[in-house]
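For the sequence shown, counting from 1, position 324 maps to 324 in the UniProt record's numbering; every step adds exactly one. For reference, the structure is listed below as structure tokens.
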Amino acid sequence: MPDVFAVPVFFIVFRETLETTIVVSVLLSFLKQQLGPDQDRTVYKKLRNQVWYGTLIGFVICLIIGCGMIGAFYGIGSDAWGNAEALWEGIFALLASIIIAIMGAALLRVSKMQAKWRVKLAKALEAKDNKHGKLGTRIKDWAQKYAMFLLPFITILREGIEAIVFIGGVSLGVSASSIPLPTVCGLAAGCLVGFIIYKGGNMAPLQFFLIASTCFLYLVAAGLFSRAVWYFEQHEFNKASGGDAAENGSGPGSYDIRSSVWHVNCCNPVLNGGGGWGIFNALLGWQNSATYGSVISYNVFWIVVILGFILLRFKEIRGHWPFVKSKAPNVAVTEERYSDGESSGFGASDKKVVVGAKPAAVDSHA
């Protein structure tokens, strides 16, 4: 059996595929519920294609990088990528974490402003590139226009490169015939889980789907942010120790005792594919050797997210940010109900700002 099916390779491919398919399936479910073929076929197709293009291009680039790494390893006789592996892993994880965090806040507001979001997505998609604006504004507009492309692209690029590196390390101790089958099975299993999530997202009520998927994506983003800091610290430790510390296993020499918060010799998410711990690492950021940086960054991420939602809620109710004066002093807030007796938001009704109205007159009709 070991000559046909390498279990570590299966777990590596499965966990990396799982994280990618979760992001892709959530995006596709969101697009189908929000801009399905029955609502706006043109915009839906373009945004759906962005998701698939990002996934496909990221996958192709991973294959090219993988082939290049294999060629360099056997041609030059040294693993050039391995010297900076942790650094690049940290950069990709940090980018993915920031993108997921920003998109998560936007997803929660979708059900409250469905019509506005359809128009906003359509405008962003059809907008022409602003070649005369400021660089920051042009980058922001471009990122909004191709947001559905960027997130799966960065995710699959990071996960794919990580899978290639880990498989390359594991394959040194197994026969070549034991790699193809677990690779295909890992890809199939990860895609199957993603398909189930996609179907479940389509059948669930929109508000329930948005809350559940956003909470899960934030767990993934928090893990990615913590892992990014952990990778940066690991890169510095590797430089100081003169090699890849992960090659020392889970015991002494595999971690920096100076920055260690806890360390257990079991539950290694990397060793021999990681098994279930590798899946926890991919989805939730688990490490058997935690550092001050990884633990503090995980908590800081959640503190920033909580404060961000508090500020957004304050602005939604008051109409301005804290400690910033309102630009429209003579403003009254009224309630607007939909014809079906339900509101488009979380509460019983939506609030509509009416400029120039007298608050007393509004209260008399309440």
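Where a beta carbon is used, it is the ideal one built from N, C-alpha and C, also for glycine.
Please look up how many angstroms separate the CB atoms of Gly223 and Leu283, rounded, as I've assumed it's under 8 Å.
7 Å
Quick check: Ala290 and Val270, are their CB atoms within less than 8 Å of each other?
no
Which of the three DSSP states is assigned to Val261 in this structure?
strand
Could you check the C-alpha separation between Phe59 and Tyr53 for me, to the nearest Å?
10 Å
Buried or exposed, going by whether 16 or more other CB atoms sit within 10 Å of the CB of Gly68?
exposed
Under the assumption that Phe225 contacts Ser178 (Cβ atoms under 8 Å), give the Cβ distance between them as a whole number of angstroms.
Actually they are not in contact, since the Cβ atoms of Phe225 and Ser178 sit about 35 Å apart, beyond 8 Å.
Same chain, Cβ closer than 6 Å to Val26, five either side skipped, listed in chain order:
Ser213
Does the beta-carbon of Ile22 have 16 or more other beta-carbons within 10 angstroms, so that it is buried, or is it exposed?
buried
First and last residue of the uninterrupted beta strand (DSSP E) at Ser97
Premise fails: Ser97 lies in the alpha helix (DSSP H), Glu85 to Leu108, not in any beta strand (DSSP E).
Cβ neighbours of Gly293 in the same chain (closer than 8 Å, five flanking residues each side left out)
The answer, listed in chain order, is Val229, Trp230, Phe232, Glu233 and Ser259.
Between which residues of its own chain and Gly66 is the CB-CB distance below 7 Å, once the five residues before and five after are set aside?
Ile164
Between Leu108 and Leu219, is the Cβ-Cβ spacing less than 8 Å?
Not in contact: Leu108 and Leu219 (Cβ atoms no closer than 8 Å).
Contact check, Met148 vs Val51, beta carbons under 8 Å
yes
Of the choices Leu95, Thr17 and Met203, whose alpha-carbon is the least far from that of Cys191?
Thr17
Let me check one thing: in DSSP terms, what residues is Ser289 bridge-paired to?
His263
Among His235, Leu56 and Phe216, which one has its Cα closest to the Cα of Phe153?
Leu56
Is the beta carbon of Phe92 closer than 8 Å to that of Arg48?
no
Quick check on Ile22: does DSSP put it in helix, strand or coil?
helix
Rounding to the nearest angstrom, what Cα-Cα distance links Phe14 and Ser29 in this structure?
21 Å
Pick from Gly90, Val43, Lys32 and Asn238 that is closest to Ala221, judged by C-alpha positions:
Gly90
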